[in-house]
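Asks: Residue numbers (the UniProt record's numbering): 1 to 255.
Pasting in a structure now, in structure tokens, and then I'll have a few things to ask.
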Amino acid sequence: MTKQPHELALMAESGRLLASVFAMLDRVLLAGMSTLQVDALVERFIVHDLQARPASKGQYGFGFVLNPSVNEVVCHGVPSPSVVLRNGDIVNLDITLEKNGYIADSSKTYLVGNVDAAARRLVQTAYEAMWKGIRSVRPGARLGDIGWAIERHARRNGYSVVREYCGHGIGREMHEAPQVRHFGERGTGLLLREGMVFTIEPMLNRGGRSVRTEADGWTVVTRDGSLSAQFEHTVAVTATGVSVLTLRAGEPAMA
């Protein structure tokens with residue numbers, strides 16, 4: 001479950017490369033692009049520019065590089081030529097990358113064009129909630145501390161937290177132990193130890209927390225049709241706290 005220093009160095013390299021994918025996307029005008037076009041853009045960048053592997057493609061039979069989740073889609077959106085990003089949309093782009101045998105996983109919810117204040121507030125709160133969880137990570141803390149911090153922030157701002165999907169350990173495999181819930185009680189759950197690596201990826205809904213899966217077997221949407229937003233980072237427990245392996249430019253470095 002814990003990673004050795006040489007493994008952490010390789011995971012940090014995968015994380016650095018994945019952060020550069022989001023830096024590339026930050027410069028892209030998403031409005032007017034189909035989600036399939038975004039998928040192709042990301043695949044070219046990972047494979048040709050970074051000489052890495054898009055780890056999601058072929059995983060569990062999924063045929064694409066990323067999960068684009070638009071508006072009421074909570075997670076696991078499927079790229080499509082018929083889903084075109086429009087002014088006012090929000091879209092979570094969930095991307096994985098493998099380099100030298102180790103996988104990094106991260107996501108970011110983008111504002112497409114002129115997004116209304118209510119949607120902006122949801123997206124900002126989801127981002128803050130992720131960081132509340134990250135700042136709870138240190139040796140001797142427990143997994144429940146992460147979920148408690150996330151859910152507390154969401155509820156204080158009037159949002160619900162999706163419970164069916166969680167963060168996860170990661171390394172040579174996409175999904176390893178432990179499961180990292182985004183709700184919980186302080187002082188409960190697995191004890192965190194130096195060398196553990198996992199994702200923190202809360203999904204916040206503007207309405208109720210209930211979700212359903214559409215007929216394609218992948219796409220998860222809010223049951224009440226309300227907006228959903230998500231952010232994700234891969235983190236490692238250090239001797240003194242936490243290191244965010246997928247840290248993006250402009251984000252606060254964690255000791």
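Even glycine gets a Cβ: it sits at the ideal position worked out from N, Cα and C.
Computed from a prediction, not measured in an experiment: that's the story for all the values here.
Whose C-alpha, out of Tyr60, Leu8, His6, is nearest the C-alpha of Gly217?
Replies: Tyr60
Asks: Would you give the residue range spanned by the beta strand (DSSP E) that Val91 belongs to?
Replies: From DSSP, the beta strand (DSSP E) with Val91 extends over 90 to 99.
Asks: My assumption, with CB atoms under 8 Å, is that Leu8 sits in contact with Lys99. Please give the rounded CB distance.
Replies: In fact, because the Cβ distance is near 14 Å, the residues do not count as touching under 8 Å.
Asks: Smallest Cα separation from Cys166: which of Pro178, Arg155, Asn157, Val221?
Replies: Pro178
Asks: For the putative contact between Gly77 and Asn67, defined by C-beta atoms under 8 Å, what is the C-beta separation to the nearest angstrom?
Replies: 5 Å
Asks: Considering Cα atoms alone, identify which of Thr222, Pro252, His233 is closest to Thr96.
Replies: His233
Asks: Note down, in chain order, each residue of its chain lying with its Cβ closer than 6 Å to the Cβ of Ser210, except the 5 sequence neighbours on either side.
Replies: Same-chain partners within the cutoff: Arg223.
Asks: Using a Cβ-Cβ cutoff of less than 8 Å, which residues in the same chain neighbour Val21 once the five nearest sequence positions on both sides are dropped?
Replies: Val42, Phe45, Ile46, Leu50, Ile95, Leu97
Asks: Just curious, the alpha helix (DSSP H) that Ile46 is in, first and last residue?
Replies: Per DSSP, Ile46 lies in no alpha helix (DSSP H) and is assigned neither H nor E.
Asks: Sort out for me which residues DSSP pairs Asn205 with in a bridge.
Replies: Ser160, Ser228
Asks: Taking the C-alpha atoms as reference points, what is the distance between Thr93 and Gly171?
Replies: Strictly speaking, residue 93 in this sequence is Leu, with Thr absent from that position. The straight-line gap from Cα to Cα measures roughly 20 Å.
Asks: With DSSP collapsed to three states, give me the class of Val242.
Replies: strand
Asks: Measure the Cβ-Cβ separation of Gly147 and His182 and say whether it is below 8 Å.
Replies: yes
Asks: From this set, Gly113, Leu204, Ser243, Thr240, which residue's C-alpha is nearest Phe231's C-alpha?
Replies: Leu204
Asks: Alpha carbon to alpha carbon, how far is Thr238 from Leu227? Give it in angstroms, no decimals.
Replies: If I take the Cα positions, the gap works out to 35 Å.
Asks: Quick check: what's the CA-CA separation for Val123 versus Pro252?
Replies: 18 Å
Asks: Using CA coordinates, which residue listed in Gly32, Gly58, Val65, Ala31 is at the minimum distance from Ala40?
Replies: Val65
Asks: DSSP three-state label for Ala255, please.
Replies: In this prediction, Ala255 scores a pLDDT of 43, lower than 50, which makes its location untrustworthy; the coordinate-derived value is nonetheless stated afterwards. Ala255: coil per DSSP, three-state reduction.
Asks: Give me, in chain order, the residues of the same chain whose beta-carbon lies closer than 7 Å to that of Val83; leave out the 5 immediate sequence neighbours on both sides.
Replies: Ser34, Thr35, Val70
Asks: Are the segment 129 to 136 and the segment 190 to 203 in contact at 8 Å, needing three or more beta carbon pairs?
Replies: yes
Asks: Counting only the same chain and skipping the five closest in sequence on each side, list residues whose C-beta sits under 7 Å from that of Ile134.
Replies: Ile200, His233, Val235, Val242, Val244, Met254
Asks: Thr188 to Leu143, Cα distance in whole Å?
Replies: Near 7 Å, if we compare the C-alpha coordinates of Leu143 and Thr188.
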